[in-house]
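Trainee:
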Amino acid sequence: MRQLKSLGVAVMVLFSAHSLAQKRYSDALSPTESARTFQLREEFSIEPVVTEPDVLSPVDLVFDASGNAFVVEMGDYPYDAQPGRFKGRIRLLKDTNGDGKIDKSYVFADGLPSATSVLPYKDGIIVCAAPDILLLRDTNGDFKADTRELLFTGFFAKNSEAQITSLRYGVDNWIYANNSGQAGTITSPLRPDAPALNVAGGNFRFRLDKTRFEVESGSGQFGLAMDEWGHRFYTQNTLHIQQSPIAWRYLHRHNYLPSFRSDVNISDHELEMFQKSGTPYWRQQRSDRRQAKYDSLKTGFTEYARDHFTGASGGTFYGGDGFPRAFQGSIFTGEVAGNLVHRDVIHTSSGSPAFSAVRDTGEKDREFLASTDSWFRPANLATGPEGYLYVVDMYRQHIETPVSIPEDLKTDMDFANGEQYGRIWRIFPKEGQKRPVLLPDLRTKTAAELVSLLEHPNQWWRLNAQRMLVERQDKSVNTVLQQMAIAHADPRTRLHAIYTLEALGGLDETLVKKALSDAHAGVREHAIILAEQYPSLLSEIVRAMDDSSPQVAYQAALSAGQSDKKEVLPALAACAEKHSDNASYRLAILSSNAGSSPELMPLLVGKGTFFGASAAGKLKFIEEYAYVSGARNGRNDIASLLNVIQTPVVAADPQWAVAALTGLTKGIKKSSNKMEPEKGIAKSLEKLEKHTTEAVRKQAAEVKKALNIN
66 MRQLKSLGVA VMVLFSAHSL AQKRYSDALS PTESARTFQL REEFSIEPVV
116 TEPDVLSPVD LVFDASGNAF VVEMGDYPYD AQPGRFKGRI RLLKDTNGDG
166 KIDKSYVFAD GLPSATSVLP YKDGIIVCAA PDILLLRDTN GDFKADTREL
216 LFTGFFAKNS EAQITSLRYG VDNWIYANNS GQAGTITSPL RPDAPALNVA
266 GGNFRFRLDK TRFEVESGSG QFGLAMDEWG HRFYTQNTLH IQQSPIAWRY
316 LHRHNYLPSF RSDVNISDHE LEMFQKSGTP YWRQQRSDRR QAKYDSLKTG
366 FTEYARDHFT GASGGTFYGG DGFPRAFQGS IFTGEVAGNL VHRDVIHTSS
416 GSPAFSAVRD TGEKDREFLA STDSWFRPAN LATGPEGYLY VVDMYRQHIE
466 TPVSIPEDLK TDMDFANGEQ YGRIWRIFPK EGQKRPVLLP DLRTKTAAEL
516 VSLLEHPNQW WRLNAQRMLV ERQDKSVNTV LQQMAIAHAD PRTRLHAIYT
566 LEALGGLDET LVKKALSDAH AGVREHAIIL AEQYPSLLSE IVRAMDDSSP
616 QVAYQAALSA GQSDKKEVLP ALAACAEKHS DNASYRLAIL SSNAGSSPEL
666 MPLLVGKGTF FGASAAGKLK FIEEYAYVSG ARNGRNDIAS LLNVIQTPVV
716 AADPQWAVAA LTGLTKGIKK SSNKMEPEKG IAKSLEKLEK HTTEAVRKQA
766 AEVKKALNIN
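Residue numbers (this note's numbering): 66 to 775.
In structure tokens form, the structure reads like this:
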């Protein structure tokens, strides 16, 4: 009887917990029911393309050049992948009868550790499956991968929300991926001679046609949007759209900068979103507890339970031609915690190399798409060959990692609830005739036909045509491409032609010089990058530092800094005077050897206007320049700067000396070069210790202390 009573109590407890869960968390809806909860811009309609059981836990979608759709399924989420029990899958979806609808679903590959992203390549697909990037192929035509080639290994393989992901083929023929800044030591069997690559603090990019791989700037999480001109915009959970205007190869020209962080939050609307779904019980409880703690500590922090980005995911550039023109070029980002899809319109910011992401006037108080269905999880998006937008819906009850939720709130939460579901939706305009779902087979196209597709208005066609031309290495089309690069009316086509030629060995100095004066800023920007390999074009690069386009002018500053020729230094000095208020410009100048050299400061003094009036940006530039001087601690670095501080122009305002001495102190403390101070430094510091301003005296003493000068 006692055992029966105990069993009865246990059953009642389980029943009560189940009942409580039913009260706290809603049940799943069918695709039809879920579709009724969508609040979409009135210009558009939405429909399911494929649903469970043909797709489960999807997180990425890509259309290859052979008419196939590949879907990445993250079966392990939200737990770490367990060796021997990996649940990552790649699903192959096909239209077998040519009616434009998916009617067959195959498991192309399974047993993958936390697969996150896929990209077509030659006769296979590249897959991110940390710690590896793999190339999978089906060699016998049974719709299942039978070969797995390791391309790269060594990536961070724990938290699935922060692994290598978001593969994108760039117009410059590099393949880019987000790495969330995670530590990893990357090697490749393709290049056994190459040293291991430390990717900590950055993203990743590689070229298989040239067997190269390197770190790229930024710390993108899940979502990488690349526009038609190769600008990268990446997603992070709480910052839905960021950019790194400076590439890693420029940022790390030397190791002495005070900070190598280059991320810029370009949103003008910060963290706010317009959520239509209810607030999950666990989130409200957790937020209330955190807020109580913040209030008790009087931190001033505010913890938001809703209406703020916390699960931004899958930022995607819409480069299709199926939407009305006002929507083309937008960036769409899923918000899995808020059950919505957010849209950003990208604008150039005056004088800034970074863009600005703003809300459309029709979305000032609403989202492009929002749902009241709390299971709707738009983890990713994609542009289809027909020009419509696809939404990858992971569809789960809970979308949070368990480690971030208090134990008592997890008792009635089933984090695997939803792994039996998955949906992919298609968004298309209401007006006009609906386009058929075109799944083309570009493998049948000749090289000449692929060249003509570089003119297509849909970015999907242009990029895939370029990729295939690069893979085939058919140089017979070089003459046509050269004409296209010079004379085609569409600047996007001109740029595709230029980079296809670059990969086929058909690009030369004459073409690059022509592109430097192109009518479109996007072409000029890339021409500057390519001009770096032609020393005779340096003067053209320097002139471009005054270009009317902020992106072109900034790239010119970066590329000019690659050279040690005499005309570079005065150009960088002028750039410092003009752009010191911008942190990205300070990085561009100071990351170069010329822009951080002892020779720069006398030029600024000689101009007579840099030190004429105190300004926050210029003071920051001096402090950061001084940091580099102190950290490098090379021949004449510190002595030269101390001499500049004491010139009449600079000494007229003690703020300059304070900024310089502050930066020197910080840099010296971080320096790995502990050489003895040069003669004359001690005397300069002693003189500054007698300055009439206390702040200068104090900072001079700090420099002496850092240098161990008695």
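Glycine is no exception: its CB is placed at the ideal position from the N, C-alpha and C atoms.
1. When you compare the CB positions of LEU434 and VAL406, do they come within less than 9 Å of one another, or not?
2. For GLU281, does the three-state DSSP call read helix, strand or coil?
3. Measuring only the C-alpha atoms, how far is SER749 from VAL715?
4. Within 10 Å of its beta-carbon, does HIS412 have 16 or more other beta-carbons around it, so buried, or fewer, so exposed?
5. Could you tell me the boundaries of the beta strand (DSSP E) in which PRO118 lies?
6. Using a Cβ distance threshold of 8 Å, determine whether the region 688 to 700 contacts the region 727 to 736, with at least three qualifying pairs required.
7. What number of angstroms, rounded off, separates the C-alpha of ARG26 from the C-alpha of GLY384?
8. Closer than 6 Å by C-beta to GLY285: which residues in its own chain qualify, once you throw out the five before and the five after it? Chain order, please.
9. Can you tell me whether DSSP reads GLN538 as helix, strand or coil?
10. For ARG318, which residues does DSSP report across the bridge?
11. Would you mind sorting GLY380 into buried or exposed? The rule is 16 or more other CB atoms within 10 Å of its CB.
12. I'd like to check one pair, SER649 with GLY626: are the Cβ atoms closer than 9 Å?
13. From SER378 to THR426, what distance separates their C-alpha atoms?
14. Let me confirm a value: VAL577 is counted as buried when at least 16 other C-beta atoms fall within 10 Å, else exposed. Which label applies?
15. How big is the Cα-Cα spacing for TRP347 and PHE493?
16. What does the alpha-carbon distance come out to for the pair PHE151 and MET139?
17. Taking the alpha-carbon positions, what's the ALA725 to LEU706 distance?
18. Following the continuous alpha helix (DSSP H) through LEU405, name the residue where it begins and the one where it ends.
19. Taking the DSSP output, what are the residues bridged to ASP164?
20. Quick check on PRO450: buried or exposed, where buried means 16 or more other Cβ atoms within 10 Å of its Cβ?
21. Which stretch, first to last residue, makes up the alpha helix (DSSP H) that contains LYS685?
22. For LEU777, which residues from the same chain have a beta carbon less than 6 Å from its beta carbon, with the 5 sequence-adjacent residues on both sides left out?
23. Under 8 Å from any heavy atom of the ligand SAM, does the C-beta of ILE240 make it?
24. Excluding sequence positions up to five away, which residues of its chain have a Cβ less than 7 Å from the Cβ of ALA568?
25. What span of residues does the beta strand (DSSP E) with VAL137 cover, start to end?
26. How many angstroms separate the CA atom of ASP573 from the CA atom of LYS685?
27. Where does LYS429 land, buried or exposed, given buried means 16+ other C-beta within 10 angstroms?
28. Should the region 170 to 179 be regarded as contacting the region 506 to 518, the criterion being three or more beta carbon pairs within less than 8 Å?
29. Flag this pair as yes or no: are the beta carbons of VAL114 and ASP125 separated by less than 9 Å?
30. Given this structure, state the Cα-to-Cα distance separating GLY219 from ARG202, to the nearest angstrom.
31. I'd like the span of the alpha helix (DSSP H) that includes GLN104, first residue to last.
32. Taking just the CA atoms, how far does ARG277 sit from ALA195?
33. Closest to GLU484 by C-alpha separation, out of GLU226, TRP440, VAL329, SER662, would be which residue?
34. DSSP three-state label for LEU772, please.
35. Which residue's Cα is closest to the Cα of THR230: LYS209, LEU200, ARG354, GLY288?
36. The alpha helix (DSSP H) spanning GLY379 covers which residue range?
Mentor: Inspection of the coordinates gives the following:
1. yes
2. strand
3. 15 Å
4. exposed
5. PRO118 -> no beta strand (DSSP E), and no H or E assigned at all.
6. yes
7. In the structure as shown, the chain begins at 66 and stops at 775. Residue 26 is therefore absent and cannot be evaluated.
8. ASN243, ASN268, TYR299
9. coil
10. Partner(s): none; ARG318 has no beta bridge.
11. buried
12. no
13. 23 Å
14. buried
15. 35 Å
16. 10 Å
17. 8 Å
18. That residue, LEU405, is in no alpha helix (DSSP H); its beta strand (DSSP E) goes 405 to 413.
19. Answer is none; ASP164 lacks a bridge partner.
20. buried
21. 681 to 697
22. Residue 777 is absent from the structure shown; the chain starts at 66 and stops at 775.
23. Only the bare structure without any ligand can be found here, which leaves the ligand SAM out of the picture.
24. ASN238, ASP274, VAL535
25. 134 to 139
26. 41 Å
27. exposed
28. no
29. no
30. 22 Å
31. No alpha helix (DSSP H) contains GLN104, which is instead part of the beta strand (DSSP E) from 103 to 105.
32. 19 Å
33. TRP440
34. helix
35. GLY288
36. Where GLY379 is concerned, there is no enclosing alpha helix (DSSP H), although the beta strand (DSSP E) it sits in stretches over 377 to 382.
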